[in-house]
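Asks: What follows is a structure written as structure tokens; I'll ask about it next.
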């Protein structure tokens, strides 16, 4: 049994690693498309902030995921099924170059496996999965609204500036906005795997569940490390779609999009809601493009 649990934890970390390279494009697409950083430098920049996010965020998302299904129906087989389904979907969409949501793949896999095991929908926590479903719409919409509003505010602030001054100022500022977005990405996305591993450990008797299960420190660290390493591996197939095909960005637009995305992710993480970083940054880019 212990060996089986170790294998599932390893598979969860593989998912986290794949999540990192699948969603690396979300963190670096804008700063690469604006040519503020080269792809290699941008990936390193994103990976560092993905990892250090562990020190800045409470594991609210992980706690909610760990209690998203009735404890009696969280079994190693349910966890394994949810992980394998999410990994397969992530690999297929990465290969096709499609900006899809690792978060929704994992949550959908978790829900599907649990419902299949229990034979009823009521096995799911309506609050946890209801908020997750609602934020499929809310997170990109909020990103778009903030991106649109911020871009308009910047245009008013920068009236009378020369194009060279605008470019110079926002090339520097985009380093900060990209770091903030990568913090938000690591803070929300790594917690999904933490929640799954925590649920597994509780179901196997390796951790006390209690009313509000909290990931153990080693789980927090290995999940952030796996995501950071995955980000270092890159997500080059999706970068072009995210950064160039949706709308062509200049540094000022990249700054606005990343700041809007970061604000949305920070808010969702504080509320304990797992959201799609892909949908969030896509919404922010569209909002900036429409300003």
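In our numbering, the protein residues as written are -3 to 287.
From the three backbone atoms N, C-alpha and C, an ideal C-beta is built for every residue, glycine too.
As the structure is a computational prediction, the values presented were derived from the model and not from experiment.
Could you work out which residue in 122, 11, 32 and 178 is closest to residue 85 when comparing CA atoms only?
Replies: Here residue 85 is taken as the residue at index 89 of the chain shown, counted from 1. Nearest C-alpha to residue 85: 11.
Asks: Rounded to whole angstroms, what is the Cα-Cα separation between residue 280 and residue 147?
Replies: Along the chain shown, one-based indexing puts residue 280 at 284. Along the chain shown, one-based indexing puts residue 147 at 151. Straight-line Cα distance between these residues: approximately 10 Å.
Asks: Under 9 Å, do residue 39 and residue 247 count as touching if we go by C-beta distance?
Replies: Indexing the chain shown from 1 puts residue 39 at position 43. Indexing the chain shown from 1 puts residue 247 at position 251. Cβ distance not < 9 Å, so residue 39 and residue 247 don't count as in contact.
Asks: Is residue 40 helix, strand or coil by DSSP?
Replies: For the purposes of this step, residue 40 is taken as residue 44 along the chain shown, with counting starting at 1. Helix at residue 40.
Asks: For residue 242, name the three-state secondary structure that DSSP assigns.
Replies: As a first step, residue 242 must be located in the chain shown, where it is residue number 246. For residue 242, the predicted model reports a pLDDT of 47, less than 50, meaning its position is unreliable and no value from the coordinates is stated.
Asks: Which residue or residues does DSSP assign as beta-bridge partners of residue 65?
Replies: As a position in the chain shown, residue 65 is number 69, starting the count at 1. Paired residue(s): 120.
Asks: For a test of the three-state rule: what should DSSP assign to residue 154, helix, strand or coil?
Replies: Walking along the chain shown from the start, residue 154 turns up at place 158. Coil at residue 154, not helix or strand.
Asks: What number of angstroms, rounded off, separates the C-alpha of residue 239 from the C-alpha of residue 5?
Replies: By 1-based counting over the chain shown, the position of residue 239 is 243. By 1-based counting over the chain shown, the position of residue 5 is 9. The pLDDT assigned to residue 239 is 48, lower than 50, so where the model puts this residue is not dependable; a value taken from the coordinates is nonetheless given after this. One C-alpha to the other measures close to 34 Å.
Asks: Taking only the alpha-carbon atoms, compute the straight-line gap between residue 82 and residue 91 and give it to the nearest angstrom.
Replies: The count along the chain shown starts at 1 and reaches residue 82 at position 86. The count along the chain shown starts at 1 and reaches residue 91 at position 95. Their Cα atoms are separated by approximately 14 Å.
Asks: Please state the DSSP three-state secondary structure of residue 271.
Replies: Position 275 of the chain shown, counted from the first residue, corresponds to residue 271. Note: residue 271 maps to coil in three-state DSSP.
Asks: Just how far apart, CA to CA, sit residue 145 and residue 263?
Replies: Position 149 of the chain shown, counting from 1, holds the residue named residue 145. Position 267 of the chain shown, counting from 1, holds the residue named residue 263. The straight-line gap from Cα to Cα measures roughly 17 Å.
Asks: Compare the beta carbon distance of residue 19 and residue 227 with 9 Å and say whether it is the shorter of the two.
Replies: The residue you call residue 19 lines up with position 23 of the chain shown. The residue you call residue 227 lines up with position 231 of the chain shown. Against a cut-off of 9 Å, the Cβ pair of residue 227 and residue 19 comes out as a contact.
Asks: So, at 6 Å on beta carbons, what are the nonlocal neighbours of residue 282 in its own chain, with the 5 sequence-adjacent residues on each side left out?
Replies: Taking the first residue of the chain shown as position 1, residue 282 is located at position 286. 140.
Asks: Which one of 68, 157 and 152 has the shortest CA to CA distance from residue 120?
Replies: By 1-based counting over the chain shown, the position of residue 120 is 124. Minimum Cα distance to residue 120 is reached at 68.
Asks: Report buried or exposed for residue 138, applying the criterion of at least 16 other Cβ atoms within 10 angstroms of its Cβ.
Replies: Here residue 138 refers to the residue found at position 142 of the chain shown. So residue 138 ends up on the buried side.
Asks: Exposed or buried, which one is residue 151 when buried takes at least 16 other CB atoms within 10 Å?
Replies: Reading the chain shown from its first residue, position 155 is the one you call residue 151. When all chains shown are included, residue 151 counts as exposed.
Asks: Only counting the same chain, and skipping five residues up and downstream in sequence, which positions put a Cβ closer than 7 Å to that of residue 27?
Replies: Locating residue 27 in the chain shown gives position 31, counting from the first residue. Excluding sequence neighbours, residue 27 sits near 33, 38, 170, 174 and 250.
Asks: Output the boundary residues of the alpha helix (DSSP H) element that contains residue 103.
Replies: Translated into positions along the chain shown, residue 103 becomes position 107. Counting along the chain, the alpha helix (DSSP H) containing residue 103 begins and ends at 98 to 114.
Asks: In whole angstroms, what is the alpha-carbon distance linking residue 277 and residue 97?
Replies: Mapped onto the chain shown, residue 277 falls at position 281. Mapped onto the chain shown, residue 97 falls at position 101. For residue 277 and residue 97, the distance between alpha carbons rounds to 11 Å.
Asks: Can you check which of these residues, 220, 186, -2 and 222, is closest to residue 99 by C-alpha distance?
Replies: Translated into positions along the chain shown, residue 99 becomes position 103. Nearest option by C-alpha distance: 186.
Asks: Of the choices 222, 192, 201 and 245, whose alpha-carbon is the least far from that of residue 30?
Replies: In the chain shown, the residue the question calls residue 30 occupies position 34. Closest option to residue 30, Cα to Cα, is 245.
Asks: For residue 220 versus residue 50, is the C-beta spacing smaller than 9 Å?
Replies: The residue you call residue 220 lines up with position 224 of the chain shown. The residue you call residue 50 lines up with position 54 of the chain shown. Yes, Cβ-Cβ distance for residue 220 and residue 50 is below 9 Å.
Asks: Consult DSSP for residue 209 and reduce its assignment to one of helix, strand or coil.
Replies: As a working mapping, residue 209 is identified with position 213 in the chain shown. Three-state DSSP puts residue 209 in coil, outside helix and strand.
Asks: Please state the DSSP three-state secondary structure of residue 31.
Replies: As a first step, residue 31 is located in the chain shown; it is residue number 35 there, counting from the start. Three-state DSSP puts residue 31 in coil, outside helix and strand.
Asks: Extract the residue ranges of the alpha helix (DSSP H) inside the stretch 168 to 203, only unbroken runs of 4 or more that lie entirely within it.
Replies: The stretch 168 to 203 contains no whole alpha helix (DSSP H) run of 4 or more residues.
Asks: Does the beta-carbon distance from residue 179 to residue 258 come in below 9 Å?
Replies: Mapped onto the chain shown, residue 179 falls at position 183. Mapped onto the chain shown, residue 258 falls at position 262. The answer is yes: Cβ separation under 9 Å.
Asks: What number of angstroms, rounded off, separates the C-alpha of residue 242 from the C-alpha of residue 23?
Replies: Reading the chain shown from its first residue, position 246 is the one you call residue 242. Reading the chain shown from its first residue, position 27 is the one you call residue 23. Interpretation of residue 242 is limited by its pLDDT of 47, a score under 50 that renders its predicted location unreliable; the figure taken from the coordinates is listed afterwards. Cα to Cα, the separation comes out at about 15 Å.
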